[in-house]
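Chains as they are written, first to last, in the working numbering: chain B, 129 to 362; chain R, 129 to 362. Report on the following structure.
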């Protein structure tokens, strides 16, 4: 069976387009025909993921499963999810969706390994939901890395407003907030900061900044993992 | 039935991501849930469109129909095609695909009307295939507008290499070539130039240039037409 990447997007829509752009950028190709074939399901009418994890809000799981089912019926042979927080439901999505899923946190950790970051502390710029889900902390711990998270105050006054600003298309405002959050993580000892919410790379990359060099873009890492998956299955 | 936009992409892949980004940018939304739900089929393993039109190459029609069928079976209620040249097959695609298609040239002409361009000459930056297909010229003529196309030499030395450079990810090189092609169309009397190949906005927008103000981005125009379609059907 020819590989067809199924992309579960819409969480949020600009982050999905950013992932698709990075998927193209990371693919070694000189012609259209060398690029990765994909089917993308981008239906943003889905319950908020952090609210479901933290406040017992409506579960997005049935909505995500509908997306994966649509992708599988359309011929997808593996899934990438352009949302970090959604990976809280990874096990259920893979089991009930009946397709392998390329895990974004595994992809980000592969980037850490590639950069020879094997000791010390790594920062996590993510939603409250991803922090509470714990799958990044578990992976970092398994690699002997400490995990630095934002203070509750920074989550409330910087991280969440930055993510919401991206979702509202206000990238300049998002940039200011996200850079401040990254600075706080760096001050707390993080030698590298994983941009572990798919809105955050859009905020950080909106303008040049010296802190870029310390950021690891989980979205781009997922794109690279998808390219590796495609090369393996072609 | 809730509207779900089906996007036929892959021609080429970066142009598809550009269209999806512009679709988000053009949607008035403050939250994820207000964005347009879509399903995108991006399978670039498809015969070259200009070669099929001009040199009797293999037809891309069955490949595009497979894409539209996949989108329809996935729940799509209308189609947008992120490739100008593919609209050569518009009638067959709409009839055999059994879904309405939002025509990119109609969208671009709506932009001309919005900008009050109702007389004079309009340039066409497009593939040889789109020029030969004639659907832009017909629409401009029906509006009383002259159509200026690139010289055969410019098509060979500027336009096609610019498009190929975008497909190979070489945007700086593509920019230089595409700006030269736009300059030639402006010198030939075009007061506005339609970027009528989905690779060309990526080339033009790569860097600032005074000619931007004279360019009409057919990709963004299609995104706006999709937003209008969604508002009408929601």
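Glycine residues also receive a C-beta, built at the ideal position from the N, C-alpha and C atoms. Keep in mind the model is a prediction, meaning the values are calculated, not measured.
Straight-line gap, residue i to residue j (C-alpha atoms, nearest Å)
{"i": "residue 220 (chain R)", "j": "residue 345 (chain B)", "result": "43 Å"}
{"i": "residue 311 (chain B)", "j": "residue 339 (chain B)", "result": "8 Å"}
{"i": "residue 301 (chain R)", "j": "residue 286 (chain R)", "result": "10 Å"}
{"i": "residue 164 (chain R)", "j": "residue 317 (chain B)", "result": "41 Å"}
{"i": "residue 173 (chain B)", "j": "residue 284 (chain R)", "result": "46 Å"}
{"i": "residue 223 (chain R)", "j": "residue 151 (chain R)", "result": "25 Å"}
{"i": "residue 181 (chain B)", "j": "residue 143 (chain B)", "result": "20 Å"}
{"i": "residue 201 (chain R)", "j": "residue 170 (chain B)", "result": "15 Å"}
{"i": "residue 329 (chain B)", "j": "residue 303 (chain B)", "result": "9 Å"}
{"i": "residue 258 (chain R)", "j": "residue 348 (chain R)", "result": "18 Å"}
{"i": "residue 293 (chain R)", "j": "residue 183 (chain B)", "result": "49 Å"}
{"i": "residue 145 (chain B)", "j": "residue 245 (chain R)", "result": "32 Å"}
{"i": "residue 226 (chain R)", "j": "residue 354 (chain R)", "result": "18 Å"}
{"i": "residue 360 (chain B)", "j": "residue 131 (chain B)", "result": "10 Å"}
{"i": "residue 186 (chain R)", "j": "residue 160 (chain B)", "result": "16 Å"}
{"i": "residue 208 (chain B)", "j": "residue 215 (chain R)", "result": "30 Å"}
{"i": "residue 306 (chain B)", "j": "residue 333 (chain B)", "result": "10 Å"}
{"i": "residue 326 (chain R)", "j": "residue 178 (chain B)", "result": "37 Å"}
{"i": "residue 250 (chain B)", "j": "residue 270 (chain B)", "result": "13 Å"}
{"i": "residue 260 (chain R)", "j": "residue 212 (chain B)", "result": "46 Å"}
{"i": "residue 357 (chain B)", "j": "residue 291 (chain B)", "result": "29 Å"}
{"i": "residue 235 (chain R)", "j": "residue 299 (chain R)", "result": "25 Å"}
{"i": "residue 147 (chain B)", "j": "residue 297 (chain B)", "result": "16 Å"}
Amino acids of chain B, ordered along the chain, whose beta-carbon sits closer than 7 Å to that of residue i
{"i": "residue 173 (chain R)", "result": "161 and 165"}
{"i": "residue 280 (chain R)", "result": "Correct list: empty, because the minimum Cβ distance to chain B is about 23 Å."}
Coil, strand or helix - residue i by DSSP
{"i": "residue 208 (chain B)", "result": "strand"}
{"i": "residue 138 (chain R)", "result": "coil"}
{"i": "residue 168 (chain B)", "result": "strand"}
{"i": "residue 219 (chain R)", "result": "helix"}
{"i": "residue 77 (chain R)", "result": "Since the first residue of chain R shown is 129 and the last is 362, residue 77 (chain R) is not available in this structure."}
{"i": "residue 176 (chain R)", "result": "coil"}
{"i": "residue 243 (chain B)", "result": "coil"}
{"i": "residue 345 (chain R)", "result": "strand"}
{"i": "residue 268 (chain B)", "result": "helix"}
{"i": "residue 224 (chain R)", "result": "helix"}
{"i": "residue 350 (chain R)", "result": "helix"}
{"i": "residue 273 (chain R)", "result": "coil"}
{"i": "residue 253 (chain R)", "result": "strand"}
{"i": "residue 133 (chain R)", "result": "strand"}
Chain B contact residues for residue i, given Cβ-Cβ distances below 9 Å
{"i": "residue 138 (chain R)", "result": "160, 163, 165 and 166"}
{"i": "residue 296 (chain R)", "result": "157, 158 and 159"}
Where residue i meets chain R, residues with beta-carbon distance less than 7 Å
{"i": "residue 169 (chain B)", "result": "167"}
{"i": "residue 145 (chain B)", "result": "145, 148, 149 and 152"}
Within chain R, the residues that residue i reaches when beta carbons sit closer than 9 Å
{"i": "residue 190 (chain B)", "result": "Per Cβ cutoff of 9 Å: no residues; residue 190 (chain B) is ~15 Å from chain R at best."}
Contact set between residue i and chain B, taken where Cβ atoms lie within less than 8 Å
{"i": "residue 182 (chain R)", "result": "Those do not exist, as residue 182 (chain R) stays about 17 Å from chain B at its closest Cβ, beyond 8 Å."}
Interface residues of chain R facing residue i [CB-CB closer than 8 Å]
{"i": "residue 198 (chain B)", "result": "167, 202 and 203"}
Beta carbon proximity, residue i to chain C, threshold 8 Å
{"i": "residue 142 (chain R)", "result": "Included in the structure are the protein chains B and R, with no chain C among them."}
Taking beta-carbon pairs under 8 Å, can you tell me which members of the segment 200-211 of chain B lie near chain R?
201, 202 and 203
Give the list of continuous beta strand (DSSP E) stretches no shorter than 3 residues that lie fully inside the segment 291-328 of chain R.
320-323
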